[in-house]
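Reading through the structure tokens given below for one structure.
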Amino acid sequence: MGEEAAAGKKLSKKEQKALEFKQRKKGLISEEEVQAKKKRKREEAEERAEAEQREADEKKKQKKHRFILFVGNLPYNASEKSVEEHFRPAEPQAIRMRRGFAFAEFEGRDASKRMNVALRLHHTFLNDRRINVELTAGGGGNTEHRKNKLRQRNEKLRNEQAKRVRTEQSQVKNKKLLKSEDADGVHPSRLALMD
């Protein structure tokens, strides 16, 4: 009767264990076969877990490659073409225009590099007006968590920009010092060639 029940319907784990125990007792199934069955089940479970982990990792990777920048203080007469032209070096995926501001979207594997190029356009001029380019936290709403996230990202960005400006200024200063040191006894036309 136990075998008929096993063939007719799907058994619960408890019923399967009981059936295996009865079969072992009667000698219908060996201990090695039971161990092999358990090993197969474990391996299948591990494979499923690995596949789920790979899938989750893929989703994470896909999510990381999308950035949105806020472009503020745009002139009201700025057209989408003029903004696209201004951001051409950064190659944004899309630009969504509003009156006085816009959003530039970057997607793909090299999105972070292109976004950094666009961030360098912060405080540049478009139609004789200084524009702001800042990283957004994505999504809408005015929750405190989102506001904090925006503050932290923008503060980090400002620090990185300040550091970059300082290093560029120090490089220019060092170059001038080297020129003045090298200028001793060297003709100015020769110095120009050394740049």
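Heads up, the sequence shown is in UniProt numbering, so the first residue is 1 and it goes up one at a time. Where a beta carbon is used, it is the ideal one built from N, C-alpha and C, also for glycine.
From leucine 11 to glutamate 46, what distance separates their C-alpha atoms?
-> 22 Å
Name the residue from Gln171, Thr136, Arg48, Leu121 whose alpha carbon lies nearest to the alpha carbon of glutamate 85.
-> Leu121
Every unbroken alpha helix (DSSP H) inside the UniProt domain "RRM" (67-138) [4 residues or more] = 80-86, 111-119
Is DSSP giving serine 12 helix, strand or coil here?
-> coil
Going by other Cβ atoms of all chains shown within 10 Å of its Cβ, with 16 needed for buried, is phenylalanine 67 buried or exposed?
-> buried
State yes or no: is the C-beta of valine 83 within less than 7 Å of the C-beta of alanine 102?
-> yes
Report the option in Thr143, Glu168, Val133, Glu144 whose CA atom is closest to the CA atom of arginine 158.
-> Val133
Distance CB(glutamine 93)-CB(glutamate 80) smaller than 7 Å | no
Would you kindly work out how many angstroms separate the C-alpha atoms of histidine 123 and glutamate 107, rounded to a whole number?
-> 23 Å
Taking all protein chains shown into account, do 16 or more other C-beta atoms lie within 10 angstroms of the C-beta of methionine 1, making it buried, or fewer, making it exposed?
-> Note on methionine 1: pLDDT 45, under 50, position unreliable in the model; no value is reported.
Of the residues Arg96, Leu69, Phe87, which one's Cα is nearest the Cα of asparagine 154?
-> Leu69
Could you give the DSSP three-state label for valine 172: helix, strand or coil?
-> helix
For asparagine 142, does the three-state DSSP call read helix, strand or coil?
-> coil
Nearest to arginine 96 by alpha carbon, out of Val165, Lys173, Ala78?
-> Ala78
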